[in-house]
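Residue numbers (my numbering): 33 to 404. All C-beta atoms in this analysis are idealised placements derived from N, C-alpha and C, irrespective of residue type, glycine included. Below: one structure, written as structure tokens.
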Ligand code: ZN
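Okay, here's the thing in structure tokens:
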């Protein structure tokens with residue numbers, strides 16, 4: 033099987049051992065699941081299905097970021113405890129993923145459960161000389177990690193611009209270098225706070241994923257996923273602190289999913305141009321929603337349009353009307369998926385089989401669409 037690797041910038045063989053260790057950055061549970069999230073997790077679900085089909089077992093960890101600024105802000109606005117808000121939104125997300133027929137993942141650990149792991153992890157980074165304390169915070173010292181930037185392939189200027197845009201607080205006067213990033217920092221008065229040797233506070237944005245990946249999967253994982261907007265700074269920082277803490281390679285293969293647009297702009301909570309999965313489910317068969325996702329390639333940005341759902345309702349009807357067995361089609365679809373998870377190519381093959389009255393069953397199931 034071949035997959036594009038963000039770090040190597042090429043489609044390369046993906047050859048994990050029998051048990052595939054996978055980590056995908058999960059949700060911050062403060063609002064409904066939008067189509068962009070769903071597309072990300074469905075891409076990893078198709079991958080997981082094909083790996084299982086190839087005879088692997090897959091241990092996939094998908095964290096829940098329940099200690100984070102937007103969650104605190106929403107909880108404040110609603111006047112409820114942040115963990116109550118998180119629990120409710122996490123349950124909604126799980127219902128959406130189940131409706132979209134996503135396989136269960138091995139674990140969905142929460143940041144709030146990982147504080148002891150995070151404390152230990154920060155201790156490892158400090159002990160190895162890659163972090164420093166200043167003003168009640170602990171910062172990762174990027175000057176000690178020369179390969180910083182080699183995952184995202186950005187220049188220093190580009191990294192600075194992106195860090196400034198994505199909450200990296202580049203003008204924090206306690207930092208030795210504006211690209212240094214926070215591992216631990218003091219909490220605001222109405223935010224949760226935990227004691228540590230270097231002061232009370234809460235974890236920085238990136239550290240939870242490194243600590244959870246190490247706790248749940250060990251030092252080196254086969255594949256790390258997430259939306260393309262996480263490549264920098266989130267994954268660049270994760271990689272740096274993990275390799276700094278353990279001295280081992282963190283990730284063998286980085287796989288990122290493209291963002292979805294609506295009205296010409298990337299779908300995002302800050303812009304408010306979102307299509308929510310639970311709203312779509314009120315009107316459409318969730319299998320048609322899933323087809324509307326997999327008809328696009330995970331690495332290609334695409335734009336929501338009002339024809340998406342009717343088109344995929346018709347597609348689902350055609351596939352269901354030709355639900356017989358067809359092992360030949362299954363072999364062809366497997367080959368498409370093994371070529372950088374070419375789901376649009378696979379969908380086209382199933383469409384053609386259905387159009388000529390041939391069976392679609394096994395191929396459809398491999399894409400996660402049950403025809404019964
Ligand atoms: Zn993450």
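Grouping DSSP H, G and I as helix and E and B as strand, with all else coil, what is residue i?
i, result
"residue 246", "helix"
"residue 166", "strand"
"residue 117", "helix"
"residue 273", "helix"
"residue 104", "helix"
"residue 267", "helix"
"residue 333", "coil"
"residue 254", "strand"
"residue 259", "strand"
"residue 297", "strand"
"residue 377", "helix"
"residue 208", "coil"
"residue 172", "strand"
In terms of residues, what are the limits of the beta strand (DSSP E) holding residue i?
i, result
"residue 51", "51-56"
"residue 94", "89-94"
"residue 308", "Counting along the chain, residue 308 falls outside any beta strand (DSSP E), and DSSP gives it neither H nor E."
"residue 215", "213-217"
"residue 35", "34-37"
"residue 42", "42-45"
Flag this pair as yes or no: are the beta carbons of residue i and residue j separated by less than 7 Å?
i, j, result
"residue 48", "residue 254", "yes"
"residue 355", "residue 393", "yes"
"residue 55", "residue 93", "yes"
"residue 174", "residue 209", "yes"
"residue 183", "residue 39", "yes"
"residue 77", "residue 135", "yes"
"residue 385", "residue 361", "yes"
"residue 37", "residue 285", "yes"
"residue 383", "residue 33", "no"
"residue 177", "residue 245", "no"
"residue 68", "residue 325", "no"
"residue 122", "residue 96", "yes"
"residue 153", "residue 243", "yes"
"residue 165", "residue 230", "yes"
"residue 214", "residue 169", "yes"
"residue 406", "residue 91", "Residue 406 lies beyond the stretch modelled for the chain, which goes from 33 to 404, so this question has no answer here."
"residue 203", "residue 171", "no"
"residue 336", "residue 309", "no"
"residue 89", "residue 149", "no"
"residue 377", "residue 366", "no"
"residue 485", "residue 358", "With the chain covering only 33 through 404, there is no way to say anything about residue 485."
"residue 65", "residue 125", "yes"
"residue 57", "residue 194", "no"
"residue 251", "residue 270", "no"
"residue 131", "residue 313", "yes"
"residue 316", "residue 341", "yes"
"residue 228", "residue 151", "yes"
Hey, quick one: how far does the alpha helix (DSSP H) through residue i stretch, first residue to last?
i, result
"residue 351", "340-353"
"residue 294", "Counting along the chain, residue 294 falls outside any alpha helix (DSSP H), though it belongs to the beta strand (DSSP E) covering 292-294."
"residue 390", "Looking at the DSSP string, residue 390 is not in any alpha helix (DSSP H), and its letter there is neither H nor E."
"residue 72", "67-85"
"residue 361", "359-370"
"residue 289", "Note, residue 289: premise wrong, no alpha helix (DSSP H); beta strand (DSSP E) at 283-289."
"residue 148", "147-159"
"residue 321", "318-326"
"residue 134", "No alpha helix (DSSP H) holds residue 134; DSSP gives it neither H nor E."
"residue 196", "188-197"
How should residue i be labelled, buried or exposed, when 16 other C-beta atoms within 10 angstroms of its C-beta is the threshold for buried?
i, result
"residue 110", "exposed"
"residue 162", "buried"
"residue 240", "buried"
"residue 199", "exposed"
"residue 275", "buried"
"residue 74", "buried"
"residue 349", "exposed"
"residue 190", "exposed"
"residue 322", "buried"
"residue 113", "exposed"
"residue 396", "buried"
"residue 196", "exposed"
"residue 185", "exposed"
"residue 402", "exposed"
query: If you measure from each residue's Cβ to the nearest non-hydrogen atom of ligand 1, which ones come out under 5 Å, in chain order?
result: 57, 241
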